[in-house]
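Below is one structure, written out as structure tokens; the observations come after it.
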Amino acid sequence: MRGLKELTWINLKLNIREPVGAFFTLAFPPLMVVLFGAMYGNDPSPILGGYGSMDVSMPGYTAVILSTVGLMNIPITIGAYREFGVLRRYQASAMRPRVFISADVIANMLMTILGLALLVLFGWLLYDVRFEGNVLSYVLGVIWCGLAIFAFGYLIASLAPGARTAQVIGMVLFFPMMFLSGATIPMEILPESIQNIANYLPLTYVVNLLRGLWFGEAWRDHILAVTILAGILIVSTTCAARLFRWE
Amino acid sequence: MSKIIEVNEITKQYGSVQAVDGVTFHVEEGEIFGIVGPNGAGKTTTIECIEGIRRPDSGSVDLLGYVPWKDRMEVAERIGIQLQESALPLRIRVREALDLFGALYEVHGDSQVLLDRLELADKAKAMFGKLSGGQKQRLFIALALVNRPQVVFFDELTTGLDPHARRSMWDLVRQIRDQGATVFLTTHFMEEAERLCDRVLIMDEGRIVALDTPEALIRSLGVERRLVFTVADQWDSQSLVELPRVDRVEQIGERVVVYGSGERFASSVVHGLETSGVDFRDLRTQDPTLEDVFLSLTGRRMQEE
């Protein structure tokens, strides 16, 4: 894995230097707290079992941020790299594909976790959001969900010829899931018909798992979600590895 | 001298286009070897099969004892590649790129030495996207040299550069060879191949048209020399055919081209002109070039740019 450390470090720096990417990973999370907080507030509500809207939404916002990175940032960046010949330049050197992908995953994961820390920090400062789980368990949950979503992002990147197509595919998948999976609008206030659709959206399982861990439930209470995410991770990784093209 | 690259009957087809059609040659250690030919001749496909980036449909390549597309990483450690078209992330800085690429190899040189050598030291902190075409090209050469390669591949190194930058690239390529590397390049500039290469492979439509030193290729055309000058419009130049060592004379308007042979050809013509008392200007000799070799072997002109 020669060069992994160096490429990861460069990717982190490139992430921060890229204004659009940096906005979505670092500025967007606090912005979500401010905007949704202004809309819903955090007053305890009987529909939400005595919790406030912001309390129950933090895991959902986490899912949204994981999705923007996985379904938008990753495919678009890789698509652009392929289009402009950056991947060709890497391929012509002694860079092994697994080093390239690992460095990209690690850098994106670190950036996302940093963004999520800002999300929680703002939620806590502005709305005193309640966290009832175990920090380590929640972070592991974030990583597990992130790996599945990122793997799907690399699959999109492997299928799409360029940055534009990657962007379109990412958006088509991202926006419906953002609103229908309980990530931004609490599932409890959605009509039953939409709740049924939500059962078919992968992001729903991300939201369910993260919300469970946020409120201190055990991993074994979410076997279905964990298994579905494992399936997405394995299938996406296998397909992406087969379909990946440097040019 | 030993063979460092051996290419045997390689072919590569893209759809219905036969890009490379049975090409066989070898490259000696320490030489500057060039493939020259028009766009679409199969130069890039050939060089990329040798680098191991592509796999030919049939035929074999031996590079430093390896099969390049199978032993990709062993080969990558020992060669340097400058691609015809490639890029880096727009916001990566010059020194970061050198450090990153260096870190990929088992053996690598010092980034600062390369920055100095390629005159990029004052651009070390500049982002890739802000560099000029020539600076980008120099950075790509630096990246190709970062692992102290035994063989360096340059694909269309000077395309898009101005004549001055092109000449300094030539000096650089000679330096790289003088420091012990073998250089394999492609170009569609005949002059570049002629000035730079020890041996030249002329390629057209996927096949080898000729392969030899530039001098030998030019000599193989025969020893016809040319003398060019301009005269007043109404003067009849045909009388020059009578002079010794002159084969034929062409005149288009004021411009006269005299064809002949022999060491004393030029002085014979000049003497004839002096005696006839005609007012001639801009006299110069024109030696045949690789351009003429290509023309005489394929019946077509190379397209420049």
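Just so you know, the protein sequences line up as chains A and B, in that order.
Residue numbers for the first sequence follow this note's numbering, beginning at 35 and rising by one.
Residue numbers for the second sequence follow this note's numbering, beginning at 2 and rising by one.
For glycine and all other residues, C-beta sits at the position ideal for the given N, C-alpha and C.
In this text, all values refer to a predicted model and were calculated from it rather than measured experimentally.
Discussion item. Taking the beta strand (DSSP E) that G23(B) belongs to, which residues open and close that run?
Written reply: Segment V18 to E29, the beta strand (DSSP E) holding G23(B).
Worksheet item: Which value, in whole angstroms, describes the spacing of the CA atoms of K4(B) and M128(B)?
Response: For K4(B) and M128(B), the distance between alpha carbons rounds to 40 Å.
Discussion item. Quick check: the Cα distance between A233(B) and I253(B), rounded to an integer number of angstroms?
Written reply: About 11 Å.
Worksheet item: Of all Cβ atoms in chain A, is any one closer than 8 Å to the Cβ of A122(B)?
Response: No, A122(B) does not count as interfacial toward chain A.
Worksheet item: When the Cα of A137(A) is compared with those of V90(A), A185(A) and I44(A), which residue comes out closest?
Response: Check the Cα spacing between A137(A) and each of V90(A), A185(A) and I44(A): the tightest is with I44(A).
Fill in: For D162(A) and I147(A), the rounded distance between their alpha carbons
Note on geometry: alpha-carbon atoms of I147(A) and D162(A) lie some 20 Å from one another.
Worksheet entry | Straight-line gap, T199(A) to F295(B) (C-alpha atoms, nearest Å) | Their Cα atoms are separated by approximately 44 Å.
Item to complete: Only counting runs of 4 or more residues, tell me where the alpha helix (DSSP H) segments fall wholly within the region 181-250 of chain A, in order along the chain.
Response: Segments of the alpha helix (DSSP H) lying fully in the region 181-250 of chain A: 197-214, 226-232 and 236-248.
Worksheet item: Is A141(A) near L105(B), with beta carbons less than 8 Å apart?
Response: Not closer than 8 Å, so no.
Fill in: Secondary structure of Y260(B), DSSP reduced to three states
Residue state, collapsed to three classes: strand.
Worksheet item: Grouping DSSP H, G and I as helix and E and B as strand, with all else coil, what is Q14(B)?
Response: In the three-state DSSP reduction, Q14(B) falls in the strand class (E or B).
Item to complete: Go to E32(B), then tell me how far its alpha helix (DSSP H) extends in each direction, as first and last residue.
Response: Where E32(B) is concerned, there is no enclosing alpha helix (DSSP H), given that its DSSP letter is neither H nor E.
Practice prompt. Look at the alpha carbon of D63(B) and the alpha carbon of A56(A), and state the distance between them as a whole number of angstroms.
Written response: Their backbone Cα atoms lie some 46 Å apart in a straight line.
Worksheet item: Taking the DSSP output, what are the residues bridged to G81(B)?
Response: Assignment of beta-bridge partners to G81(B) by DSSP yields V153(B).
Item to complete: Please go through the region 57-120 of chain B and give each complete alpha helix (DSSP H) segment of 4 or more residues, from N-terminal end onward.
Response: Taking only runs of at least 4 residues, the alpha helix (DSSP H) segments lying wholly in the region 57-120 of chain B are 73-79, 95-104 and 112-118.
Worksheet item: Within the present structure, is the beta-carbon of V259(B) separated from the nearest heavy atom of the ligand PLP by less than 7 Å?
Response: Questions concerning the ligand PLP fall outside what the structure shown contains, since it holds no ligand whatsoever.
Item to complete: Entirely within the region 88-174 of chain A and at least 3 residues each: give me those beta strand (DSSP E) ranges in chain order.
Response: You should have found no qualifying run.
Fill in: Residue range of the unbroken alpha helix (DSSP H) whose run includes A166(B)
Segment P164 to D179, the alpha helix (DSSP H) holding A166(B).
Worksheet item: Shortest alpha-carbon distance to A287(B) belongs to which of V258(B), R302(B) and L121(B)?
Response: Per the sequence shown, the amino acid found at residue 287(B) is Gln instead of Ala. When only C-alpha atoms are compared, the closest one is V258(B).
Item to complete: Kindly say whether A126(A), judged by its beta-carbon, lies nearer than 8 Å to any beta-carbon of chain B.
Response: A126(A) counts as touching chain B.
Worksheet item: Is I81(A) helix, strand or coil by DSSP?
Response: In the three-state reduction of the DSSP assignment, I81(A) falls in the coil class.
Fill in: Chain-order list of residues whose beta-carbon lies under 7 Å from that of V154(A) (same chain, five-residue window excluded)
Cβ within range, chain order: M92.
Discussion item. Out of G135(B), E49(B) and T12(B), which one is the CA nearest neighbour of R208(B)?
Written reply: The shortest Cα separation from R208(B) among G135(B), E49(B) and T12(B) belongs to T12(B).
Practice prompt. Mind checking which residues open and close the beta strand (DSSP E) that includes L186(B)?
Written response: Start and end: T183 to T188.
Discussion item. Using a Cβ-Cβ cutoff of 8 Å, what residues of the region 86-120 of chain A are near chain B? List them in chain order.
Written reply: Close to chain B, meaning a Cβ-Cβ distance shorter than 8 Å, are the following residues of the region 86-120 of chain A: Y115, F118, G119 and V120.
Worksheet item: Is DSSP giving A211(B) helix, strand or coil here?
Response: The answer is strand: DSSP assigns A211(B) an E or B state.
Worksheet item: Anyone know if the C-beta pair for E251(A) and L121(A) falls short of 8 Å?
Response: Against a cut-off of 8 Å, the Cβ pair of L121(A) and E251(A) comes out as no contact.
Fill in: Within chain A, partners of L89(B) - CB distance below 8 Å
Correct list: V120 and R123.
Worksheet entry | Three-way DSSP call (helix, strand, coil) for G58(A) in this model | According to the sequence provided, residue 58(A) is Phe. The question's Gly does not apply to it. The answer is helix: DSSP assigns F58(A) an H, G or I state.
Practice prompt. Report the residue from L115(B), Y260(B), R178(B) and T290(B) whose alpha carbon sits nearest the alpha carbon of R96(B).
Written response: Nearest option by C-alpha distance: L115(B).
Fill in: Candidates G134(B), G273(B) and R226(B), of which the one nearest M170(B) by Cα
Just measuring C-alpha positions, the residue of G134(B), G273(B) and R226(B) sitting nearest M170(B) is G134(B).
Worksheet item: Any contact of the region 24-43 of chain B with the region 196-206 of chain B, i.e. 3+ C-beta pairs under 8 Å?
Response: Counting Cβ pairs under 8 Å, three or more are found: they touch.
Discussion item. So if I threshold CB-CB distances at 9 Å, which residues from the region 133-145 of chain A count as touching chain B?
Written reply: Taking 9 Å as the Cβ-Cβ cut-off against chain B, the residues of the region 133-145 of chain A that qualify are V133.
Worksheet item: Rounded to whole angstroms, how far is the Cβ of T25(B) from the Cβ of V37(B), which I believe are closer than 8 Å?
Response: The Cβ separation is near 17 Å, so there is no contact.
Worksheet item: Applying a beta-carbon distance threshold of less than 7 Å, which residues of chain B neighbour M129(A)?
Response: Here the neighbours are L105.
Worksheet item: Going along the chain, which residues of its own chain have a beta-carbon closer than 6 Å to the beta-carbon of F156(A), five neighbours each way excluded?
Response: Cβ neighbours of F156(A) beyond the five flanking positions: P64 and V67.
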